[in-house]
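>
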Amino acid sequence: MRVLVTGGAGYIGSHACQRLLNDGHTVVAIDSLYRGHRAPMDALSAGHPGRFAFIHADIGEGGRIRAALDEHDLDTVMHFGAVAYVGESVDDPLWYYRNNIASAIALLEACDTCRDGRGVDRFIFSSSCATYGDPPEGMIPVPEHCPQHPTSPYGRTKLHFEHILLDYAAHRANQDRPLALTMLRYFNVAGSDRTGLLGEDHTPETHLIPVAIQAAQGKRESMSIFGADYPTPDGTCVRDYVHVEDLIDAHVRAAERVKPGRAEAFNVGIGKGYSVREILDSVRRVSGKDFRVIEAGRRAGDAIALYNDPTKIQRDLGWQAQVTDIDEIVTTAWNWMQAHPDGYGD
Ligand code: UDP
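Residues in the sequence shown are numbered from 80 upward in steps of one, following our numbering.
1) Below 8 angstroms on the Cβ atoms is my contact criterion, and I expect Asn387 with Asp313 to pass it. Report the Cβ-Cβ distance as a whole number of Å.
2) Taking 7 angstroms as the line, does the beta carbon of Cys316 fall inside it for any heavy atom of the ligand HEM?
3) What are the residues that DSSP puts in a beta bridge with Glu343?
4) Closest by CA to Asp272, which one among Ile288, Thr315 and Glu324?
5) State the Cα-Cα distance for the pair Ile304 and Val372, rounded to the nearest angstrom.
6) With hydrogens ignored, establish whether the beta-carbon of Gly77 is closer than 7 angstroms to any heavy atom of the ligand UDP.
7) Gly340 to Val156, Cα distance in whole Å?
8) Confirm, please, whether the CB-CB distance from Val84 to Phe204 is below 8 angstroms.
9) Who are the near neighbours of Tyr175 in its chain, counting only those whose CB is closer than 8 angstroms to its CB and skipping five residues on each side?
10) Between the Cα of Lys298 and the Cα atoms of Asn346, Asp421 and Asp213, which residue gives the shortest distance?
11) Restricting to Cα atoms, I'd like to know which of Glu241, Ile184 and Ala183 is closest to Ser207.
12) With a threshold of 7 angstroms (Cβ to nearest heavy atom), would Phe202 be considered close to the ligand UDP?
13) Residues bridged to Arg81 by DSSP?
14) Any heavy atom of the ligand UDP closer than 7 angstroms to the Cβ of Asn387?
15) May I ask you to check if the CB of Gly306 is nearer than 7 angstroms to at least one heavy atom of the ligand UDP?
16) If you draw a straight line from the C-alpha of Ala334 to the C-alpha of Ile219, how long is it?
17) Can you name the start and end residues of the beta strand (DSSP E) that Tyr176 belongs to?
18) Closer than 7 angstroms to a non-hydrogen atom of the ligand UDP - does that hold for the CB of Pro111?
19) Would you decide whether His116 is buried or exposed? Buried here means 16 or more other CB atoms lie within 10 Å of its CB.
Shown next as structure tokens:
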């Protein structure tokens, strides 16, 4: 394959670049570097000369994206580039809609008109379990046919873009230019690649596992549990944490198996839920450190409990999480953050 990876310098996108390169594919990564990092791009470039290019551009720069698609004759797009914090999306919804919808449409237009009007063959979209919001009774674990009622602007941007993609895929089919469309609804992605090259370095960092690790490292005086009064076994929110390399494996399988003319949605999560307190216990076990935890109020936009029913992805893509032990996931994150005390240092 010849793959455009948007958001390629970000946490998940960089892991996708690495896996695709290791599998022998050609990769062009594009990233605004607003939250992504140049260091992993440089490392991948040095490790895979001639098969990897990095373009510093925003997904909204349709002309530049189209030029890249044409120049490298890219047949596949993995679209990771997005802003992706639930809380931030509540504070600045229009900015979320601009990035995740308006700019993404410019990307899609480039994907439509490139390659002498043939367009790209495959499009794989990073969607989210946040599109489900709080599932109705009987829908946890969450199957793909669960009603989608997001509880945050972030979740709504992902759901709206799913709809845009479905309309676009139907249009391609009508024009006899069938697209293979996959929408992967991620649960909570965590951990780092096991070679130690890539990791999670966000500014600001808001995700539970890296925040807890920073607390264990003594980089934060304390950390907060956002809500201890939820109707869950220990009062804290429940999430499904999938290792980043397993997540990327789902993308590779989707690219290989979803046929032209098909539009498929798959949930990607291991199928087991962990509460916030259980995650903090795991970080304590892995790090061997205790840290101060404050029970704070609920965070706006958070769903109560979300974990995956992996039946469909197992059946149709043959996907199975390789890392299912939460301590193993946390260990990969801990190892990278210990080895890179300043993240990528940029
Ligand atoms: N969370 C928390 N304290 C933190 C960060 C997160 O209690 O410092 C909770 C958050 O409210 C949610 C869960 O941990 O219930 C996972 O949050 P995260 O931001 O990692 O991912 P999200 O589920 O929002 O994608």
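C-beta atoms are modelled at their ideal positions from N, C-alpha and C, and glycine is treated no differently.
To lay it out plainly:
1) With 8 angstroms as the limit, Asn387 and Asp313 do not qualify as a contact, their Cβ atoms being about 20 angstroms apart.
2) What this structure holds is the ligand UDP, not the ligand HEM.
3) Within the DSSP secondary-structure output, Glu343 pairs in a beta bridge with Thr261.
4) Glu324
5) 7 angstroms
6) Residue 77 lies beyond the range of the chain shown here (80 to 425); nothing can be said about it.
7) 16 angstroms
8) no
9) Within the same chain, Tyr175 has close Cβ partners Val162, Glu167, Ser168, Pro232, Tyr233 and Thr236.
10) Asp421
11) Glu241
12) no
13) Thr105
14) no
15) At least one heavy atom of the ligand UDP is nearer than 7 angstroms to the Cβ of Gly306, so yes.
16) 28 angstroms
17) Judged by DSSP secondary structure, Tyr176 falls outside any beta strand (DSSP E) and instead within the alpha helix (DSSP H) spanning Pro172 to Tyr176.
18) Per the sequence presented here, residue 111 reads as Ser, with Pro not at that position. Checking every heavy atom of the ligand UDP against the Cβ of Ser111, none is found closer than 7 angstroms.
19) buried
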